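Q:
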Amino acid sequence: MGFFTDSLLSAFYLVGNLDQELITIVLVSLTVSFFSTLISGLFGIPLGFLISFNTFKGKRLLITCLNTLLALPTVVIGLFVYVFISRRGIFGLFDLLYTQNAIIIGQVILILPVVITFTISAITQIDGRYRKTAMTLGANQFQTGILIFREARYGILAAIIAAFGRVISEVGISMMLGGNARGFTRTITTAMALEYDKGEFTLAIALGIVLIGLSFSINLLFHFFQGRGGK
Amino acid sequence: MSLYRFKNVSQIAGNNKILDIEDLEIREGKIYALLGPNGAGKTTLLNLLGFLEKPTTGNITFMGNPVKFSEKHLQQLRRNVVMVNQRPILFTTSVYKNMEFGLKIRQVRPVKRRQIIEENLALVGLSHLINAPAHKLSGGETQRIVLARALALSPKIILCDEPTSSVDLESQQTITRLLKEINVKQHITIILTSHNQPEVNMLAHYSFFIDRGKISTAGYENLFSAVIFSESGKKTCAIDKQIRIDIKADTTGPCRVTLNPDEISIVSESESKKNKITGTVLQVMIQESDKIQILINCGIHLIIKIPVEQYQRIKPMVGDKICLFIKPQAVHIL
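Chains as they are written, first to last, in this note's numbering: chain A, 1 to 231; chain B, 1001 to 1334.
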């Protein structure tokens, strides 16, 4: 018990004193998660919008496939991306392996289905009467689309927050594609795994506190925006 | 002037013929009511009138020009028509922004927009709600704002899908009064669907009855489920187990019938006639034409139209018991 309380107190001390190593790790985590979420949002939101707003053959099958991709294990993504970006892979010449860009690529693959499916869900939940009303007020397809997008804004924001929450806490991709290089690709989760292996719990617990804090804030935001959407 | 002309228009979904109209004309500046049971095809017809759907077959002309069912052309036509839904939608923003939506699309200048919005909010008596969050308004306020939003666009036609079905009595009266005013002062053609016969009687110049996608000749307000059966060589139409009318018909069995209010007359109790029923006067209304419309409860709610002279002679008052004679030709089988 003394070991646990000592580690916990030391961890709080690290967090309270803004330990340089801890800050670096958190910043790396936030940077890769931010960019992967940004890229996923830039592609995922329009894609989700197009899928939900239009009727086409195979739409249901496509949505089923996207839903299946939600359960894709991070290690599988890590493995596949590794095959492509390792020196022997077709993108080997870009020297991406064990860089933050490699982590971002993997994380984008992980959360793109999250953003798309959540966007589809947010758009689908918008009452069909909005579309009809916009059309009868003289709006064209594009203007109707903008209106629907506006009405679904809280749901779409919730999609982005959920995606960020997914990447900030993943470990498989960061470990396999980032390589856990100190100061460069060491994220909160990979650092925690390493510290655990070393038997050094202080930094691991401090990082755990930060991660829980981040997850809690993300969830608060998620529920806030979901609540706004439901009003 | 003729606004719409439907020729052999049908709307089919799967194997189901939702709408089947041989000929329908709607003229400018009038109020039309579409009556009929749920699922009769009223909303589908409104969607066609609002250029929101393409018919499966047939031709539609609008203001003398054939309607081309390309999205571009339909979008242009939609600018003449605004639909007010049964459960209307206001966007989750302010009342002002809601009303501004259609005006912005029509590229009306901001100063002019504000002026139009203020004028139309004043018309529906809700000027004080200009900056209110639209999605937090009551049902009656929402319906009136939706009407103001429609009016702000100066449409030729307003389509109302059961405009008073989801609001309280006070709002019902306000909306009915507004629709009448809009029609008289701004000469906007109004086409509304309704189940509310008194409302229709008060508002509409013409009524259409739709049942199973088919429109009956305009002018008949009394639509009922009936059974036609043969009795000692004669055909009898039974409505709601209480009314028996001898008719000339080729068919038997369950059907829908309309009773032409012009073919039902008030007779004295002493007159011995077939097809005679008694009822209590519920409402007396003055029509714009030279007829008086009377709503009578005779087991079913029946509307009759009598000439002003006959009304002045008999003077039926609300609550009076009267005898009615239904001519066989009053019954039209749908």
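Note that the Cβ used here is the ideal one computed from N, Cα and C, for glycine as well. Note that the structure is predicted; figures quoted are calculated from it, not measured.
Under the assumption that A:T74 contacts A:I205 (Cβ atoms under 8 angstroms), give the Cβ distance between them as a whole number of angstroms.
A: With 8 angstroms as the limit, A:T74 and A:I205 do not qualify as a contact, their Cβ atoms being about 23 angstroms apart.
Q: Quick check: the Cα distance between B:N1065 and B:I1089, rounded to an integer number of angstroms?
A: Approximately 31 angstroms, taken between the alpha carbons.
Q: For A:M135, does the three-state DSSP call read helix, strand or coil?
A: Of the three classes helix, strand and coil, the one that applies to A:M135 here is helix, per DSSP.
Q: Which residues does DSSP pair with B:N1065 in a beta bridge?
A: B:F1062.
Q: Given that B:V1082 touches chain A, what residues does it touch there, using C-beta distances under 9 angstroms?
A: Those are T136, L137 and G138, listed as they occur along chain A.
Q: Mapping DSSP to helix, strand and coil, what is B:V1331?
A: Note: B:V1331 maps to strand in three-state DSSP.
Q: Once the 5 residues before and after B:M1202 are set aside, which same chain residues still bring their CB inside 7 angstroms of it?
A: If we look at B:M1202 and ignore the five residues flanking it on each side, its Cβ neighbours are T1176 and M1285.
Q: Determine, for B:Q1172, whether the minimum Cβ-Cβ distance to residues of chain A falls below 9 angstroms.
A: No, its Cβ sits nowhere closer than 9 angstroms to a Cβ of chain A.
Q: Kindly indicate the opening and closing residues of the alpha helix (DSSP H) around A:E21.
A: First-last of the alpha helix (DSSP H) with A:E21: Q20 to F53.
Q: Taking Cβ positions only, does B:L1052 come closer than 9 angstroms to chain A?
A: At least one chain A Cβ lies under 9 angstroms of B:L1052.
Q: Here's the rule: buried if 16 or more other CB atoms are within 10 angstroms of the residue's CB, otherwise exposed. What is B:T1252?
A: Exposed, by the Cβ-count rule.
Q: Assuming contact is defined by CB atoms lying nearer than 9 angstroms, are A:V76 and A:T187 in contact in what I supplied?
A: Cβ distance not < 9 angstroms, so A:V76 and A:T187 don't count as in contact.
Q: Can you give the Cα-Cα distance for B:E1162 and B:N1085, rounded to whole angstroms?
A: So the two alpha carbons sit approximately 7 angstroms from each other.
Q: By Cβ distance below 8 angstroms, which residues in the same chain neighbour A:F12 in space, the five residues on each side in sequence not counted?
A: Excluding positions up to five away in sequence, the list reads A206 and I209.
Q: Which two residues bound the contiguous beta strand (DSSP E) that contains B:F1224?
A: Taken as a continuous stretch (DSSP letters only), the beta strand (DSSP E) holding B:F1224 covers N1222 to E1231.
Q: Grab the span of the alpha helix (DSSP H) containing B:T1236 for me, first residue to last.
A: Segment K1234 to I1239 is the beta strand (DSSP E) holding B:T1236; no alpha helix (DSSP H) there.
Q: May I have the straight-line CA-CA distance separating B:L1019 from B:F1208, to the nearest angstrom?
A: If you take the alpha carbons of B:L1019 and B:F1208, they lie about 14 angstroms apart.
Q: Just the C-alpha distance for B:H1195 and B:A1033, rounded to the nearest angstrom, thanks.
A: Near 10 angstroms, if we compare the C-alpha coordinates of B:A1033 and B:H1195.
Q: Identify which residue in A:I148, A:V115, A:I103 and A:A134 has its Cα closest to the Cα of A:T124.
A: Of the candidates A:I148, A:V115, A:I103 and A:A134, the one whose C-alpha sits nearest the C-alpha of A:T124 is A:I148.
Q: Could you tell me which of B:Y1096, B:E1170 and B:I1191 sits nearest to B:R1335, measuring between CA atoms?
A: Absent from the structure is residue 1335 of chain B, since the part of chain B shown begins at 1001 and ends at 1334.
Q: Find the residues of chain A that neighbour B:F1101, judging by a C-beta separation of less than 7 angstroms, and give them in chain order.
A: The answer, in chain order, is L137.
Q: With which residues is B:Q1293 paired in a DSSP beta bridge?
A: The partner list for B:Q1293 (beta bridge, DSSP) reads B:M1285 and B:K1305.
Q: Hey, quick one: how far does the beta strand (DSSP E) through A:G145 stretch, first residue to last?
A: No beta strand (DSSP E) contains A:G145, which is instead part of the alpha helix (DSSP H) from Q141 to E151.
Q: Return no unless some Cβ of chain B is closer than 9 angstroms to the Cβ of A:Q141.
A: With 9 angstroms as the cut-off, A:Q141 counts as an interface residue toward chain B.
Q: What do you get for B:A1152, buried or exposed, if any count of 16 or more other CB atoms within 10 angstroms of its CB means buried?
A: With 16 or more Cβ atoms within 10 Å of its Cβ, B:A1152 is classed as buried.
Q: Where do the ends of the beta strand (DSSP E) carrying B:P1254 lie?
A: Counting along the chain, the beta strand (DSSP E) containing B:P1254 begins and ends at G1253 to L1259.
Q: According to DSSP, simplified to helix, strand and coil, what is B:M1317?
A: Three-state DSSP puts B:M1317 in coil, outside helix and strand.
Q: Report buried or exposed for B:M1099, applying the criterion of at least 16 other Cβ atoms within 10 angstroms of its Cβ.
A: Its Cβ being crowded by 16 or more others within 10 Å, B:M1099 is buried.
Q: For B:I1188, go through chain A and note every residue whose CB falls closer than 8 angstroms to its CB, in chain order.
A: Going along chain A, no residue has its Cβ under 8 angstroms from B:I1188, so there is no contact; the nearest lies around 15 angstroms.
Q: Could you check the C-alpha separation between A:G106 and B:D1168 for me, to the nearest Å?
A: Cα to Cα, A:G106 sits roughly 57 angstroms from B:D1168.
Q: Report the CB separation of B:A1132 from B:V1081 in whole angstroms; it is logged as a contact under 8 angstroms.
A: So it is not a contact: roughly 27 angstroms between Cβ atoms.
Q: Can you grab the Cα-Cα spacing for the pair B:E1025 / B:A1238, in whole Å?
A: Answer to the nearest angstrom: the Cα atoms are 32 angstroms apart.
Q: Within 10 Å of its beta-carbon, does A:Q20 have 16 or more other beta-carbons around it, so buried, or fewer, so exposed?
A: Exposed: under 16 other Cβ atoms inside 10 Å.
Q: Quickly, what does DSSP pair B:L1048 with across the bridge? List them, please.
A: The partner list for B:L1048 (beta bridge, DSSP) is empty, contrary to what the question assumes.
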